[in-house]
Amino acid sequence: MHTGEKPYQCSQCDKAFSQKSDLTKHKRTHTGEKPYKCSQCDKAFSLNSLLKLHQRIHTGEKPYQCSQCDKAFSHKSDLIKHKKTHTGEKPYQCSHCDTAFSGKHVLIKHQKIHTGEEPHQCSQCSKAFSSKCLLITHQRIHTGEKPYQCSQCDKAFSNNSNLKRHQITHTGEKLRNHMNTANVIRLSYTRTVSPIPDGKSNKMEN
Numbered sequence: 001m002h003t004g005e006k007p008y009q010c011s012q013c014d015k016a017f018s019q020k021s022d023l024t025k026h027k028r029t030h031t032g033e034k035p036y037k038c039s040q041c042d043k044a045f046s047l048n049s050l051l052k053l054h055q056r057i058h059t060g061e062k063p064y065q066c067s068q069c070d071k072a073f074s075h076k077s078d079l080i081k082h083k084k085t086h087t088g089e090k091p092y093q094c095s096h097c098d099t100a101f102s103g104k105h106v107l108i109k110h111q112k113i114h115t116g117e118e119p120h121q122c123s124q125c126s127k128a129f130s131s132k133c134l135l136i137t138h139q140r141i142h143t144g145e146k147p148y149q150c151s152q153c154d155k156a157f158s159n160n161s162n163l164k165r166h167q168i169t170h171t172g173e174k175l176r177n178h179m180n181t182a183n184v185i186r187l188s189y190t191r192t193v194s195p196i197p198d199g200k201s202n203k204m205e206n
């Protein structure tokens with residue numbers, strides 16, 4: 001039976017545990033000890049369970065499947081966040097404006113617009129950004145990296161928005177070609193069929 005007794009007391013805080021192994025794990029939060037090292041990168045963790053979760057980045061394992069679409073995730077917390085895109089739930093309200101978000105991390109990023117906080121500094125120039133993703137996009141100016149490749153031509157871009165803007169040129173070209181083809185068909189039909197006074201059509205003789 002579980003008595004609820006917690007005889008293993010942490011000497012550095014007021015936490016107590018029912019098992020000695022749990023106390024040992026907890027103590028690492030104070031010491032910073034991370035004995036579980038990833039064999040594929042330089043990351044290390046205080047718990048074996050955290051290491052196993054991390055290793056899914058390398059293995060590509062995504063055991064948490066969304067029941068409403070084909071998306072899958074390596075962490076349960078990511079699945080929970082994703083599900084809110086289907087329900088429309090936005091529990092995280094900005095205190096500065098009426099915008100709400102499905103995830104807390106998105107709200108935190110948004111709030112930097114109001115505070116003006118720009119903690120992500122470019123190492124090659126004086127620019128700073130509110131989010132890491134904006135910094136990464138900016139750094140491509142220095143590196144020349146263009147990971148967004150157009151599938152219809154050999155052009156590539158440093159960010160997705162520029163790629164989408166470019167792709168419209170292909171869409172517009174297809175539309176113009178379609179309209180030109182339609183005009184040719186219409187003109188050909190007009191030349192082939194001529195109206196007569198009684199409302200009937202008369203085909204031109206060859």
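Just so we're aligned: 66 in UniProt numbering is position 66 of the sequence shown, and the numbers increase by one with no gaps anywhere. From the three backbone atoms N, C-alpha and C, an ideal C-beta is built for every residue, glycine too.
Since residue i sits in a beta bridge, which residues does DSSP pair it with?
i           : result
Lys-37      : Ala-44
residue 212 : Residue 212 lies beyond the range of the chain shown here (1 to 206); nothing can be said about it.
Gln-65      : Ala-72
His-120     : Phe-129
Gln-55      : Paired residue(s): none; Gln-55 is not in a bridge.
Gln-19      : Paired residues: none, contrary to the question.
Gln-149     : Ala-156
Gln-9       : Ala-16
Buried or exposed, going by whether 16 or more other CB atoms sit within 10 Å of the CB of residue i?
i       : result
Asn-206 : Note that Asn-206 scores 47 on pLDDT, short of 50, meaning its location in the model is unreliable; the coordinates nonetheless yield the value given after this. The residue in question, Asn-206, is exposed, as its Cβ has fewer than 16 Cβ neighbours within 10 Å.
Ser-49  : exposed
Ser-11  : exposed
Lys-203 : Reliability of the predicted coordinates at Lys-203 is poor, the pLDDT of 49 falling under 50, and the value obtained from them is presented with this limitation in mind. By the neighbour-count rule (16 or more Cβ atoms within 10 Å), Lys-203 is not buried but exposed.
Gly-88  : exposed
Going by beta-carbon coordinates alone, are residue i and residue j separated by less than 7 Å?
i       : j       : result
Ala-160 : Thr-137 : A small fix is needed here, since residue 160 is Asn in this sequence, not Ala. No, the pair does not count as a contact, with Cβ atoms beyond the cut-off.
Ser-95  : Lys-84  : no
Lys-118 : Ser-130 : Inspection of the sequence shows that residue 118 is occupied by Glu rather than by Lys. Contact: yes.
Leu-51  : Tyr-36  : yes
Gln-68  : His-82  : no
Gln-149 : Ala-156 : yes
His-54  : Lys-43  : yes
Round the Cβ separation of residue i and residue j to the nearest angstrom and send it over; I've been treating them as touching at under 8 Å.
i       : j       : result
His-142 : Lys-132 : The pair is not a contact, with the Cβ atoms about 16 Å apart (cut-off 8 Å).
Ser-74  : Glu-61  : 6 Å
Lys-15  : His-26  : 6 Å
Cys-122 : Leu-135 : 6 Å
Gly-21  : Lys-6   : According to the sequence displayed, residue 21 carries Ser and not Gly. That pair is no contact at about 13 Å.
Quick check on this structure: which residue in the options has the alpha carbon closest to the alpha carbon of residue i?
i      : options                             : result
Cys-97 : Glu-89, His-105, Lys-112 and His-86 : Lys-112
Gln-93 : His-110, Gln-139 and Ala-44         : His-110
Ser-58 : Lys-71, Asp-70, Leu-47 and Ser-39   : The sequence shown places His at residue 58, rather than the Ser named in the question. Nearest option by C-alpha distance: Ser-39.
Cys-13 : Arg-28, Ser-21 and Gly-4            : Arg-28
Cys-41 : Arg-56, Glu-33 and Leu-47           : Arg-56
If we cut at 7 Å on Cβ distances, does residue i have a partner in chain B?
i       : result
Ser-161 : Absence of chain B from the displayed structure is noted, only one protein chain being present.
Taking 6 Å as the cut-off, is the CB of residue i close to at least one heavy atom of the ligand ZN?
i      : result
Asp-22 : Ligands in the displayed structure: none, and consequently the ligand ZN is not present.
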